[in-house]
């Protein structure tokens, strides 16, 4: 059975483009262009994966997750955005998205990401891996390194670094001499730590780096 | 939310008198009762100075937008009855204050005290009238434009009866306030004998000035606020014009160019990426100087430059940053060469990636492609790019370079440069 996907984006052209690319690999069961439409559609369709635009009127992807996550076990969210601003990325992942990819991602890569998210794995684009490394492990004072939150283990940092360098999970597994499952477990663990860190710490990090006004 | 919290505003929501204490409490996130107790204690302790400060804050602070969008509080607030009460209250407060002065040994004659009490009560009515009507105007505008949400604009019709009622009551209150102030002045002058034949003309003149100041102050304050608002509006429209000009010069030109080249997908994609980069750079608001001194920016710029020259995509991710020095510049040059090499020999096999991690002790750069790779020892001597520009340059500047390749997983050039 193929994966059932809902596309949420306020740009019709982009929805059409993504849909055309996805139809080779997954089953697109609906599209929504507003937060309200998206919430109704997700409640009704109970899709496996929601492809979610970060920036939409009325609260964007974050609001969709907030309104549907409590009742939607089995539905997972993959954020998709033109923005590569760290605060956007971090905010949507913290609200519950299982991954983040930029809109310039190729069709096959997107299908691969959707498949992985549907299996409960975390999807890190190289950019997202870079942000997380920057936020958690940077060595200057402007990072979370001193904050009271779960630090990344050396192995997790190693995995993130390889993702940032463009390695696929299977290549990381081979390079580190571990199984793909272990790589996935490390990625999920990083995602959990990112979601658990308090909003205050992350927003301070973003502010100190002049990322938000 | 944060903006509302950051700036001190009068809070009309839980206002006792003018909402100063409630506003302070909201700003500090504590119970308004505590602030009110502190205010009373301060007033007594400073012999009334705190009350003067309260009055000043009343004039100066803007009114906070109401926290809840509900209108149930609105009719009760600022209606005629309320304003009368406040006028009387302020008068009594002034009287109380003057009694406190007497306790500490400062007592002016009755000739001064009673006119002051009357004048402050009148001024309170007048000022309340003016600041109140600005509130209601703002609220009416908010309700009509639906700024604070859909249900609010739906309520827009409900606000008009209130406004109408207030504007009907308004003139009476204003007139009474005015009468109080003028009456206080006349009383003052009469008691002091300024109406006698040998009256003191200077005293009369000063009194008239004080009356005018009391009556006109709210108008001036309001005028000042409106001017400020207009200025902000002008700044905004200027910014809009700037954005429009930028979009016109860059984005629209690129879009036109892309339509012309629509039969060449590679060029279209290169143009799109170039425009995307420019736009992001512009949005980031970093100045050229900031970019010129940053190692991370220099690496990203090098990636962009190679991508543009060869028309093949390079994705750059950087972690950390530091100032661009001589060694950094050598590292950037070597990275540029590595990227050029990668797009030349493997650019068609997939996106070339640059990853740089800058720590205080060292900088590592990885350039990865999806090509078949090569063995460094078997690189022919005529491929000087790799040997001289990458390995040689890194060694000369105290760094090192390694090449990982094979296993059909592409090639990765790793450059390491320690910080001096």
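Chains as they are written, first to last, in this note's numbering: chain U, 1 to 213; chain G, 1 to 420. Each residue gets a CB set at the ideal place from its N, CA and C atoms; glycine is no exception.
Can you pull the chain G neighbours of residue i, defined as C-beta to C-beta under 8 angstroms?
i             : result
residue 69/U  : Within chain G, no residue comes near residue 69/U; the closest Cβ sits about 22 angstroms away, beyond 8 angstroms.
residue 126/U : 315, 317, 353 and 355
residue 130/U : 317, 318, 319 and 355
Anyone know if the C-beta pair for residue i and residue j falls short of 8 angstroms?
i             : j             : result
residue 352/G : residue 343/G : yes
residue 340/G : residue 386/G : no
residue 277/G : residue 256/G : no
residue 324/G : residue 399/G : no
residue 334/G : residue 415/G : yes
residue 34/U  : residue 50/U  : no
residue 129/U : residue 164/U : yes
residue 250/G : residue 275/G : yes
residue 22/U  : residue 28/U  : yes
residue 271/G : residue 258/G : yes
residue 175/U : residue 196/U : no
residue 118/G : residue 180/G : yes
residue 177/G : residue 123/G : yes
residue 61/G  : residue 20/G  : yes
residue 69/U  : residue 96/U  : yes
residue 190/U : residue 168/U : no
residue 313/G : residue 273/G : yes
residue 354/G : residue 299/G : yes
residue 360/G : residue 419/G : yes
residue 371/G : residue 311/G : no
Alpha carbon to alpha carbon, what distance is there between residue j and residue i?
i             : j             : result
residue 126/G : residue 99/G  : 24 angstroms
residue 228/G : residue 134/U : 41 angstroms
residue 156/U : residue 31/U  : 36 angstroms
residue 36/G  : residue 215/G : 28 angstroms
residue 112/U : residue 322/G : 36 angstroms
residue 190/G : residue 212/G : 18 angstroms
residue 308/G : residue 302/G : 10 angstroms
residue 337/G : residue 390/G : 6 angstroms
residue 128/G : residue 64/U  : 44 angstroms
residue 58/G  : residue 19/U  : 58 angstroms
residue 88/U  : residue 319/G : 17 angstroms
residue 108/U : residue 25/G  : 56 angstroms
residue 10/U  : residue 52/U  : 10 angstroms
residue 165/G : residue 173/G : For residue 165/G, the pLDDT reaches just 45, beneath the cut-off of 50, and the residue's location in the model is therefore unreliable, leaving the point undetermined.
residue 185/G : residue 205/G : 11 angstroms
residue 357/G : residue 131/U : 11 angstroms
residue 184/U : residue 261/G : 42 angstroms
residue 85/U  : residue 99/U  : 15 angstroms
residue 142/U : residue 2/U   : For residue 142/U, the predicted model reports a pLDDT of 45, less than 50, meaning its position is unreliable; a value from the coordinates is still stated below. Their backbone Cα atoms lie some 44 angstroms apart in a straight line.
residue 120/G : residue 90/G  : 7 angstroms
residue 31/G  : residue 50/G  : 19 angstroms
residue 369/G : residue 394/G : 20 angstroms
residue 92/G  : residue 183/G : 17 angstroms
residue 101/U : residue 235/G : 36 angstroms
Using a C-beta to C-beta distance shorter than 7 angstroms, which residues of chain U count as neighbours of residue i?
i             : result
residue 366/G : 165
residue 409/G : 171
In three-state DSSP terms, what is residue i?
i             : result
residue 13/U  : helix
residue 134/G : With a pLDDT of 46 at residue 134/G, under the threshold of 50, the predicted position of this residue should be treated as unreliable, and no value is reported.
residue 30/U  : strand
residue 45/G  : helix
residue 409/G : coil
residue 104/U : coil
residue 55/U  : coil
residue 370/G : coil
residue 122/U : coil
residue 29/G  : coil
residue 5/U   : strand
residue 149/G : Its pLDDT being 38, under 50, residue 149/G is placed unreliably in this model, and the coordinates cannot settle the point.
residue 147/U : Bear in mind that a pLDDT of 49 at residue 147/U, under 50, signals an unreliable position, so the model cannot answer this.
residue 41/U  : helix
residue 329/G : helix
residue 19/G  : coil
residue 165/U : coil
Assuming residue i contacts residue j under a Cβ cut-off of 8 angstroms, what Cβ separation, rounded to an integer in Å, is found between them?
i             : j             : result
residue 417/G : residue 291/G : The pair is not a contact, with the Cβ atoms about 20 angstroms apart (cut-off 8 angstroms).
residue 92/U  : residue 5/U   : So it is not a contact: roughly 17 angstroms between Cβ atoms.
residue 8/U   : residue 38/U  : 4 angstroms
residue 136/U : residue 110/U : Their Cβ separation, rounded to whole angstroms, is 26 angstroms, which puts residue 136/U and residue 110/U out of contact at 8 angstroms.
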